[in-house]
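**Student:** Here's a structure for you.
In structure tokens:
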């Protein structure tokens with residue numbers, strides 16, 4: 001075999017191998033590469049969706065914890081200024097304070113005052129209960145009763161009060177007094 005024939009045969013075999021490599025690349029490698037690219041993009045999108053969901057769940061948990069704090073704040077505000085007159089609660093607090101500070105509740109009157117006008121539609125109107133209370137006791141017990149009513153959980157404002165001796169002095173020392181007090185308690189509409 002001559003050298004030129006060997007060269008042509010070697011070039012032909014090289015061409016056939018090159019064409020075979022192109023066919024293998026076109027039919028086997030390229031579709032596999034496209035499939036790998038699709039799988040990678042699918043994996044990336046799922047990872048991205050997972051991270052977004054994880055972030056959303058974390059934000060929802062934070063929001064829930066904040067809302068629980070708001071709910072607790074709402075309960076506290078409802079104790080301070082309830083959403084209805086709740087006269088029973090007022091009487092219970094009044095009785096508890098008179099018992100605690102050893103004063104005697106002689107009389108009480110409760111009036112519901114009309115709502116004050118409010119030009120803002122989003123703000124709830126404030127209602128007022130006016131309590132006229134007469135208590136008797138020693139000077140310290142009456143003083144502590146007034147202080148407790150002003151610092152009670154529910155908002156009570158002392159509108160006016162009058163303290164006078166109740167009579168019955170012992171040994172010339174007067175330590176028994178009558179206090180006539182007008183309180184205002186508030187509630188939301």
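Numbering (full-length UniProt numbering), first residue to last: 1 to 189.
Ideal Cβ placement from N, Cα and C applies to all residues, glycine included.
In this text, all values refer to a predicted model and were calculated from it rather than measured experimentally.
Given 7 Å as the limit, tell me if residue 49 has its C-beta closer than that to any heavy atom belonging to the ligand FMN.
**Tutor:** Of the ligands one can find in the structure shown there are none, so the ligand FMN has no counterpart to examine.
**Student:** Locate the beta strand (DSSP E) running through residue 106, then write down its first and last residues.
**Tutor:** Counting along the chain, the beta strand (DSSP E) containing residue 106 begins and ends at 104-113.
**Student:** Within this structure, are the beta carbons of residue 105 and residue 142 separated by less than 8 Å?
**Tutor:** Not closer than 8 Å, so no.
**Student:** Determine, using beta carbons only, whether residue 127 and residue 85 come nearer to each other than 8 Å.
**Tutor:** Against a cut-off of 8 Å, the Cβ pair of residue 85 and residue 127 comes out as a contact.
**Student:** Return the first residue and the last residue of the beta strand (DSSP E) that residue 127 is part of.
**Tutor:** Element bounds for residue 127: 126-137.
**Student:** Quick one: what does DSSP say residue 83 is sitting in, helix, strand or coil?
**Tutor:** Three-state DSSP puts residue 83 in coil, outside helix and strand.
**Student:** Give me the DSSP bridge partner(s) of residue 180.
**Tutor:** In DSSP, residue 180 forms a bridge with 134 and 162.
**Student:** Between the C-alpha atoms of residue 73 and residue 66, what's the straight-line distance to the nearest angstrom?
**Tutor:** Spanning the two alpha carbons is a distance of roughly 10 Å.
**Student:** In angstroms with no decimal places, state the Cα-to-Cα distance between residue 50 and residue 44.
**Tutor:** Cα to Cα, residue 50 sits roughly 10 Å from residue 44.
**Student:** List the residues that DSSP assigns as beta-bridge partners of residue 187.
**Tutor:** 127.
**Student:** Short of 7 Å in beta carbon distance, which residues of its chain neighbour residue 132, apart from the five on each side in sequence? Order them along the chain.
**Tutor:** Around residue 132: 108, 109 and 182.
**Student:** Going by CA-CA distance only, name the one from 24, 149, 154 and 165 that's closest to residue 139.
**Tutor:** Among 24, 149, 154 and 165, the Cα nearest to that of residue 139 belongs to 165.
**Student:** Looking at the secondary structure, which residues open and close the alpha helix (DSSP H) in which residue 23 lies?
**Tutor:** Residues 3-24.
**Student:** Can you look up residue 157 in the DSSP assignment and give me helix, strand or coil?
**Tutor:** Of the three classes helix, strand and coil, the one that applies to residue 157 here is strand, per DSSP.
**Student:** CA-CA distance, residue 14 and residue 40?
**Tutor:** The alpha-carbon atoms of residue 14 and residue 40 are separated by roughly 35 Å.
**Student:** What whole-angstrom Cβ distance do residue 174 and residue 161 have, given they're in contact under 8 Å?
**Tutor:** That belief does not hold up - the Cβ atoms of residue 174 and residue 161 are roughly 18 Å apart, past 8 Å.
**Student:** Look at the Cβ atom of residue 156, then the Cβ atom of residue 101, and state whether they are nearer than 8 Å.
**Tutor:** No, the Cβ-Cβ distance between residue 156 and residue 101 is not below 8 Å.
**Student:** Can you tell me which of the three DSSP states residue 72 falls into?
**Tutor:** Residue 72 falls in the helix class under three-state DSSP.
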